[in-house]
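One structure below.
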Amino acid sequence: MKKRIFLKFPPQFSKLINNQSIVEFAGDNLLELINYLDCTYGNNIRERLLNDENRLRLYLNIFIGENNINSLEGINSLISDGDKISLILPRAGG
Amino acid sequence: MHIIPSIIWIGSVYMGTFIDWPVCKDINEKGRFPYNFIVGQGKKVYYSVYLGIILLWCSGIALIFLSPTDWSVRRIVLIIIKTICLSLMTGFTLYGTLVTWPKLQLSTNDEAYKYYRQYMRRATGTFVLGIIATITGIILR
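These protein sequences, in sequence, are chains A and B. Following this note's numbering, the numbering of the first sequence begins with 146 at its first residue and continues without gaps. Following this note's numbering, the numbering of the second sequence begins with 15 at its first residue and continues without gaps.
Written out as C-alpha cells, the structure is:
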C-alpha cells in the first residue's frame, strides 16, 4: 500500500524534486524514500544526502515529524502514512 | 571592541583560505571533496564571524562619532574607503551563508569543488579588503 508523505526541504533541494511537497511511495523507511526520490527524479539525490557508508551525511538533519532520525533508527527509521519529513541544514559559513 | 572582531574575522578567513583548504586538498583522497571537514569548519566559524561583523560595524560607527571631530576631506575619504571595504566583505560573507553554503552542503562531489572554488575567490577578496580596511583604520587613528 502506498504511503502519502509530506516533504519540507530547503528550496535548493526542493528544486531537484520538481518542488514536490507531497509524494506517494510504497516503501517502509527513510532509505527507501531516498532511493525512491533518486529513481524518480534523478539529480543524484542519494549522493547529496548519504555518504559512502550509506549513512546520512554528517551535519545534515532529517526529522520525521518532530523527531530527529538520529534519535530513531537513523536512515532506516520507519515512515508512516501522513508523516512529514523535514531536512534542516546547519547554519554555516564565514 | 573594534580590533578584536577584526582579528577574528580576517584571521578566520586567512586560516580557512590559505591554511586549511590547501592542507585539506593535500591530505584528502584525490577527487573526494573533504565534505566533513569543510562543512564542520563552516559551522564552527559561523557564530564567531557574525558576532565579529556585528561588533565591527557597531564599534566602527561609534568610533566615527566618539573620536575627536575632524571632518577633513582626507578623513572623510578614508572613512568612505573603509565603509566600502566592510560593506563588500559583509556582502561576500552573507552571500556565502545564504547562497553558497546551503548549495555546498547538498552538492555532489563535483559540484562541491565548483561551489568551493567560487567561495574561495570571495574569501580571498574578503581577506584583501580586510587588509585594506585595516590599513585605512590605522591611518585614521
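Every residue, glycine too, gets a C-beta built ideally from N, C-alpha and C. None of these values were measured; they are calculated from a predicted model.
Per-residue contacts from residue i into chain B (C-beta, under 7 Å)
i: Phe158 (chain A); result: Leu120
i: Arg193 (chain A); result: Leu120, Ser121 and Thr122
i: Asn189 (chain A); result: Thr122
Under 7 Å between C-beta atoms of residue i and residue j
i: Trp23 (chain B); j: Ala237 (chain A); result: no
i: Asp228 (chain A); j: Ile209 (chain A); result: yes
i: Leu92 (chain B); j: Thr138 (chain B); result: no
i: Ile220 (chain A); j: Leu175 (chain A); result: yes
i: Arg191 (chain A); j: Asp197 (chain A); result: no
i: Val53 (chain B); j: Ser26 (chain B); result: no
i: Phe51 (chain B); j: Asn123 (chain B); result: no
i: Tyr28 (chain B); j: Phe106 (chain B); result: no
Residue burial classification, residue i (beta-carbon count within 10 angstroms, cutoff 16)
i: Cys72 (chain B); result: exposed
i: Ile67 (chain B); result: buried
i: Phe151 (chain A); result: exposed
i: Leu243 (chain A); result: Lying outside 146 to 239, the shown extent of chain A, residue 243 (chain A) is not represented and no answer is given.
i: Trp85 (chain B); result: exposed
i: Cys99 (chain B); result: buried
i: Tyr61 (chain B); result: exposed
i: Leu30 (chain B); result: According to the sequence provided, residue 30 (chain B) is Gly. The question's Leu does not apply to it. Buried: at least 16 other Cβ atoms inside 10 Å.
i: Ile33 (chain B); result: exposed
i: Arg136 (chain B); result: buried
i: Leu156 (chain A); result: Note that residue 156 (chain A) corresponds to Pro in the displayed sequence, not to Leu. Under this definition Pro156 (chain A) is an exposed residue.
i: Lys96 (chain B); result: buried
i: Leu70 (chain B); result: buried
i: Leu112 (chain B); result: exposed
Residue i versus residue j: straight-line alpha-carbon distance, rounded
i: Arg89 (chain B); j: Gly144 (chain B); result: 18 Å
i: Gln55 (chain B); j: Asn42 (chain B); result: 15 Å
i: Ile207 (chain A); j: Tyr109 (chain B); result: 25 Å
i: Ala147 (chain B); j: Val63 (chain B); result: 16 Å
i: Arg149 (chain A); j: Ile179 (chain A); result: 14 Å
i: Met15 (chain B); j: Ala171 (chain A); result: 58 Å
i: Ile21 (chain B); j: Trp35 (chain B); result: 20 Å
i: Met146 (chain A); j: Tyr49 (chain B); result: 37 Å
i: Asp40 (chain B); j: Asn164 (chain A); result: 38 Å
i: Leu232 (chain A); j: Lys153 (chain A); result: 6 Å
i: Pro235 (chain A); j: Leu195 (chain A); result: 16 Å
i: Ile18 (chain B); j: Tyr181 (chain A); result: 50 Å
i: Asn189 (chain A); j: Asn199 (chain A); result: 14 Å
i: Leu217 (chain A); j: Val168 (chain A); result: 22 Å
Cross-chain neighbours of residue i in chain B, by beta carbon under 8 Å
i: Tyr204 (chain A); result: Asn50, Val53, Gly54, Lys57 and Gln119
Listed by chain order, chain A residues near residue i by CB distance under 8 Å
i: Pro116 (chain B); result: Pro155, Gln157 and Leu234
i: Tyr130 (chain B); result: Chain A residues near Tyr130 (chain B): none, gap ~11 Å exceeds 8 Å.
i: Tyr127 (chain B); result: The premise fails here: Tyr127 (chain B) is roughly 14 Å from chain A at the closest Cβ pair, so nothing lies under 8 Å.
Chain-ordered chain A contacts of residue i [CB-CB under 7 Å]
i: Tyr28 (chain B); result: Chain A residues near Tyr28 (chain B): none, gap ~11 Å exceeds 7 Å.
Check: residue i C-beta below 6 Å from any heavy atom of the ligand SAH
i: Ser101 (chain B); result: The ligand SAH is not part of this structure, which contains no ligands at all.
* Spell out a yes or no on whether the region 111-126 of chain B and the region 74-83 of chain B are touching, meaning 3 or more CB-CB pairs, one atom from each, closer than 8 Å. => With contact defined as three or more Cβ pairs closer than 8 Å, the region 111-126 of chain B and the region 74-83 of chain B are not in contact.
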